[in-house]
Structures are given as C-alpha cells and as structure tokens.
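2 protein chains.
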Amino acid sequence: MKIKVNRKELVKHINIVQKAISNRTTKQILEGILLIAEDNILTLIASDEKISIKSKLSTIVNKSGKCVVNARLFGEIIRRLQDDVIDITVNQNNMNINAKRSDFNIQVQNEEEFPNLPRMDDGLNFEIDSEDLKDAVRKTTFAVSIDETRINFTGVFMDVNPEEINFVAIDGFRMALKSIKTKTETKTSVIIPARALNELVKIIEEEEKIIKVDLSFNQIKFTLDNAELYSTLIPGEFFKYEGLIRKNHTTVASTNIFELQNALERASLLAKEERANLVKLDVHDSDILITSNSEIGSVKENVESQVDGEGLKIAFNSKYLLEGIKNMTSETLKLNFTDSVNPCIITEEEDPDYIYLVLPVRLAN
Amino acid sequence: MKIKVNRKELVKHINIVQKAISNRTTKQILEGILLIAEDNILTLIASDEKISIKSKLSTIVNKSGKCVVNARLFGEIIRRLQDDVIDITVNQNNMNINAKRSDFNIQVQNEEEFPNLPRMDDGLNFEIDSEDLKDAVRKTTFAVSIDETRINFTGVFMDVNPEEINFVAIDGFRMALKSIKTKTETKTSVIIPARALNELVKIIEEEEKIIKVDLSFNQIKFTLDNAELYSTLIPGEFFKYEGLIRKNHTTVASTNIFELQNALERASLLAKEERANLVKLDVHDSDILITSNSEIGSVKENVESQVDGEGLKIAFNSKYLLEGIKNMTSETLKLNFTDSVNPCIITEEEDPDYIYLVLPVRLAN
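Here it is in structure tokens:
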C-alpha cells in the first residue's frame, strides 16, 4: 500500500470508525483499523464484533493494499502531526508514516484475521430523516435498562409501521417513546442496542439529510453519506408498550421546564443521600410544591404551574423525573396524572410525538 | 445568626475557602465551613489542618452568630439557587436558607470543635507581586517530588534574600528554579507544601496586586485583598541547589518551543510504552534529531535549531523534558549542554530568571 492523504480528512475518518472499537476487547486484531486502499479510495473499518463502522475517503492511491493498524497509536500519530499531507507506505508488516519533519515506522497486522462486515441479504430497507433519528435517539436511549439479565430492555425497540416509526425504551421504572412520521411501506420491529444508536448519532454530520436503514434477520445497517454503521440486533420480545399510553388524565399541570428542573435538582441535593432519591409533589391550585426530607435536612420548592383538575399528592424517584426532563427541548411541559399510584405521563409542548412516563413511588402512609 | 446575603458573592467566597477542604478528611467538622457573622461582615473559614483559608464578604448581619455547615451541601444549595439575595438564619443546630420559591433547613454543627487559625507571632514579613508569585508557582510546583518518604522534596523551597526570592523544586531527576526580584530586607528560607501554593494561585484574583507574606517558625500566611491562606511549613533541610547552576556550556541549541514540544510529544507516543519514556537527541549543525524506538515501532523527528558549539548525543526521559517545556511561555528556548552525562539546562528567551534542569539518562552503549 502506498497513499498520499490529507491529514485532517484522515483524522476525521479515524475518529468515525474508532467509535466501534471497545476498550475492553481481548482480541488484539479488534484494537485495529482495517485499511483498504484501492481506486483512489481509502476505506477504514473497525469493529467490536457487535458494532462495525466503515468509512471512506478519496485519496491518492499509488499502490493498492490492505493492512490492520492499531487504532489508538495510528490515531494519535496522525492527530499530532502538523502537516497538511502525509505519505503512508505499507510493506509487509511495517507501516511508514512520512511527513516533512517526522518519520514513523510502526508494526501492522495482516488483514486476514479481521472479521468480515455482516452481509445484509434480506433486503428490508427504508429511510429516516437524520434530524428525526438524532432526536429519537437522544430522547430514548437514556431510559434503557442497564440490567444485563434483562437483555431485551437494554436496547431501544424500533417499531416500524408504514406511516410512523416508534422508538421505545423501558427499564421497569419509566418509558420513553418517540414517534417519527415516515413512509416506510414496511411493518417490522427490532431491538437495537443503545450503544449502537449512541455511537451512530455521534457520526451523523450536520450536512447529512437522509439515513438509509437496512435490516436483516439479526443485523441493522445505517448508511450515511461517507460511513456505514452495522449493529447486531437483540433477539427476543419487547413489552407491549401501547397499553401504557393513557389518554385520559384527571390532573394536568403545565409548567416551565427550566423552573421545574432547577427545583427538582435542588430538592435532590437532600434526596439523593437517602432512600430512592425520593421527592414528594403536591400539585394544587397554581403551584407544584416539591418537598424532600432526609437525615441531613429538608427542602420545600414551589414551582409556579397551571393546574387543571383535582389536586394530587404523589412521590417519585427524582432521578427518573430529571433524566426525562433534561432531554426535552420545549419551554413548557405537561405533567399528566390520574392518581398517586398510576404513572405520570410527561409531554412537552413543542413535540407532540414524544411521551415520557414515570412510575410513582408508593408511600406507606 | 441572621443574615441577608448576595448569592453570587457568597458562591465566590465558598469556592475560595472550599479549596482548603480535603476529600480524604476523617473528621466530620473539617468537611465544614465555619461561618462567622458579625458587624455586617460574613467570614468563612475552612481547613484541613495543614492548609486553612479565611475569606470575608460584606453583608447585612441582622443577628451575629457562628456555626459550621457542611461545605459540599451548603455550596451546592447556594450555587443552585437562582435568586440574587437569600436569607440565612441559624437557630441552634438548624440553618434555614430562604429564597423566593425555595426553603431549605439543614443541620449545622457547633463551632467549638473547629480548629483555630494558626497564630503568626514571629513577625517576619514581606511582600510579593501577585503576577510574579503566580508565575513562580506555575513554573516550579510541577517539579516537586511525589515521594512522601522524601518529604522535604514534596515542597517548594522558598529562599528569601534581600534582593530576590528563589523558588526551587527538585525531585532527583530535574530542578525548576524561578527567581523573583524583590526588596525583602530579610534573609530566610522555608519549604512550602506544593498543594498550598497550587491552591493559593487559584484564589488570587485578577485585580490583586501585592500579596503579603507572613512567616512564623512552622507556618506561612499569604494575605490577599479578601482572603488569607495559611499553610504549615515542611521542616528540614533542602538541597544546596546553587551548585547545580552551571554557567559554562559547550553546546547551546536554540529552538522554537512549540516545534520542540510537538516533536517530543510525537516521539513519546512510542516511547511511553517502554522503559523510562526514553528519547534520544542528536544535536548537530542546524537540527535536533529526536529518535525513539520500542517494540511497537520507531520514530525520527527533526527539529530546526540554531546550534552553537560541538555536536552531541544525549538521552532523556521525555516526560521530564516535556513537563518543563510546557510551563514555559516564551517562543524560543535554549538547551544548554556540556556533554551526554551532565544535566541539560533549559532557559527560555523571555524569562532570564527561570531555569529548568534535567538529568540525562545514561545509556549502556
């Protein structure tokens, strides 16, 4: 292999594929990036066997070839060089990186051991607007379960219907549901590991418009302008989430997100020291009174609110309320209640296609 | 105690005294800030028994009093409130913090257990320009020893003479020496814990001009406009550092700091994996050739340089070179050598009062 490459472009593409690499891999070959130089294109591929990312850039290829180079070392060298253009030459197990005043020789590995990219035979595919996808990922992945014994709930359920795609995360204490309007002409559903989605949104560029999604029986592939991300799917069933979406509420409190978030964060200063980050909400008239007590002290917070319906007292783990609210982008949200034992459904004013549902904590008294 | 206080001012002063608090203290009282409200002044004091910081702000004191409040909790509450002015009332063991929509009650401790500030009887004192002091601390503390069995070298030696003060740090591999011109009319020397100096520079404000220094037999006190920092001194002798300051050199290489730093950092990418971060310098003609070899590869870096005197080959732990260079502020530095076994003395063009000395690594061949 012999190439002449724009250094900043190469750094960008190393950063993209490096997101697939796991720090905890025990296989040396998976600490590497597979480089393929051919037809004036340099292709980079990295994988942790669950997630694989492939990225391409145009470059001058004087001699085609393949090799696997340690991602961390290669990345640090290329990032720290100061030149605009660098020459990379691979001969057998040696890579020479040459710049004006710098000359590196590092070992590379043979590409044969590197895992192949998954084959996507089944041909189910559709398109998603990139902004919609980023929004759906941001508003759901934080709510997946971290309990590896309930593996189905560590992923986001993507429920694809002809007119809309629902992204759903459930961890037993809350649910986040974001709908995206599309025309997929497809009906299917899969569970996508949260990590794959989180890495995906990091490599979606500003200019990116449409993301193509391909599904096979156990793989998903997202195609961007200059990169592809492959992920294994989580097999198994998901929760029948539609049953949780209650339409009738007895109490609805509208409030400023920023004020509510600040008040909950202050109340949590005392709550977090004690059992389950407990905060109590007393919803009445034109206020939500938030209280929290622990051995170290007590706090009362008053949040101005427009309350329609009956007054209500209800308790929550403040962490679950806060995580949902923090990911909302509107100025105003609605807390929708029926009573003190059923879930609170939180909706935000400027996104009617998002709901965040939190189970209350039942109090003994 | 009953006070009405500007919240942002209070946050600023909490941040100042909190720097004295150790995360590792086992005494509950030392997790606290001693508050003293009297004569429309609120005084805050925190201590880890080695370092104590006292800070003052003007405020409305309706009822004077004292208490000790947990620094972390008090700090987080005050920082997270949104009001301009808050009311703080202490009754026995309860502190009430009241703002427009927030009301906290937290426990406080009795002030009697809180350690007294050290007494500074002996009366040796002088003044230092605050910019000079900050510069001296930044250019020396990084070079102290982290070896607690050589306790004298974990501090910075402050060698006070009538015309100048020398700040010296030595760890057995390198020495950093910064001179400040002053008129102290005093001759003395003390060893100051590096942590005290590092915390001190964090609380020196932009407007601060002159810092007053008081010395007693085992304490040092720095007086700023609105704060005082006390530190215990490290007892014992220091190294006779003057003997290390060589004036005659056989080889002097002048080079751009930025280029040298970048080249060393790149060379260290391979070096750091192996024995002692070893880099070899070949100083000759108009270049410094830096090389490094390890199992994973090799690197050559060429740094343009004006070399006066004989050519020379010498090896270093790149970490020691880099730490010194990174703390220099000039564009150009000089590497002053005599041979491959004696220290390299690094001086920077725009600060003739600073020298950084590094011992070379002796190579077997």
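Protein chains in written order, with the numbering used here: chain A, 2 to 366; chain B, 2 to 366.
A virtual CB, placed ideally from N, CA and C, is assigned to each residue, including glycine.
| Asked | Found |
| --- | --- |
| Which of helix, strand or coil DSSP assigns to Q110 (chain A) | strand |
| Bridge partners - T252 (chain B), DSSP secondary structure assignment | B:G310 and B:F338 |
| 4-residue-minimum alpha helix (DSSP H) runs that sit fully inside the stretch 3 to 70 of chain A, ordered along the chain | 8 to 19 |
| Neighbour list for K301 (chain B) in chain A, Cβ cutoff strictly below 7 Å | D104 |
| is_contact[I297 (chain B), chain A] using C-beta, thresh 9 Å | yes |
| Contact the stretch 49 to 56 of chain B vs the stretch 68 to 78 of chain B: 3+ CB pairs below 8 Å | no |
| Spatial distance of D340 (chain B) from A72 (chain B) (CA atoms) | 54 Å |
| Where N263 (chain B) meets chain A, residues with beta-carbon distance less than 8 Å | R81 and Q83 |
| Partner residues on chain A for E266 (chain B), Cβ-Cβ distance less than 8 Å | R81 |
| Sufficient close CB pairs (3 or more, under 8 Å) joining the stretch 126 to 138 of chain B to the stretch 205 to 223 of chain B | yes |
| Beta-carbon proximity check, L322 (chain A) vs L265 (chain A), cutoff 9 Å | yes |
| Given 8 Å, three or more beta-carbon pairs between the stretch 150 to 162 of chain B and the stretch 231 to 242 of chain B | yes |
| Identity of the residue in A:D283, A:R267, A:E296 and A:Q262 nearest G368 (chain A) by Cα | No answer is possible for residue 368 (chain A): it lies beyond the span of chain A, which begins at 2 and ends at 366. |
| Under the three-state DSSP convention, the category E349 (chain B) falls into | strand |
| Proximity below 9 Å, CB of S232 (chain A) to CB of A197 (chain A) | yes |
| Check whether V300 (chain B) and I289 (chain B) have beta carbons under 9 Å apart | no |
| CA nearest to the CA of N63 (chain B), picked from B:E305, B:E243, B:N117 and B:I42 | B:I42 |
| Closer than 9 Å to chain A by CB, Q108 (chain B) | yes |
| Per DSSP, cross-strand counterpart(s) of K179 (chain B) | B:F168 and B:Y355 |
| T233 (chain A), DSSP secondary structure in three states | strand |
| Classification of R102 (chain A) by the beta-carbon crowding that lies within 10 angstroms, buried from 16 upward | buried |
| Continuous alpha helix (DSSP H) assignments of at least 4 residues falling wholly in the stretch 76 to 145 of chain A | 131 to 139 |
| CB contact below 9 Å: E332 (chain B) versus chain A | no |
| Touch test, the stretch 242 to 255 of chain B against the stretch 83 to 99 of chain A, Cβ-Cβ under 8 Å, three pairs minimum | no |
| For N263 (chain B), the three-state DSSP class (helix, strand or coil) | helix |
| Of the residues A:I30, A:T142 and A:D283, the one placed nearest I192 (chain A), counting alpha carbons only | A:T142 |
| Residues bridged to E302 (chain A) [DSSP beta-bridge criterion] | A:I291 and B:S103 |
| Three-state secondary structure assigned by DSSP to L441 (chain A) | This structure leaves residue 441 (chain A) out entirely; chain A is present only between 2 and 366. |
| Nearest to G66 (chain A) (by Cα), restricted to the options A:N111, A:V169 and A:D286 | A:N111 |
| Spatially closest choice to D352 (chain B) from B:V70, B:T183 and B:T333, by CA coordinates | B:T333 |
| Cβ contact check for the stretch 177 to 193 of chain B and the stretch 8 to 28 of chain B: 3 or more pairs under 8 Å | no |
| Neighbour list for L74 (chain B) in chain A, Cβ cutoff strictly below 7 Å | L270 and I297 |
| Interface flag, V304 (chain B) vs chain A, CB-CB below 9 Å | yes |
| L35 (chain A) versus V362 (chain B) - alpha carbon distance | 38 Å |
| Residues bridged to N373 (chain A) [DSSP beta-bridge criterion] | There is no way to answer for residue 373 (chain A), as the model of chain A reaches only from 2 to 366. |
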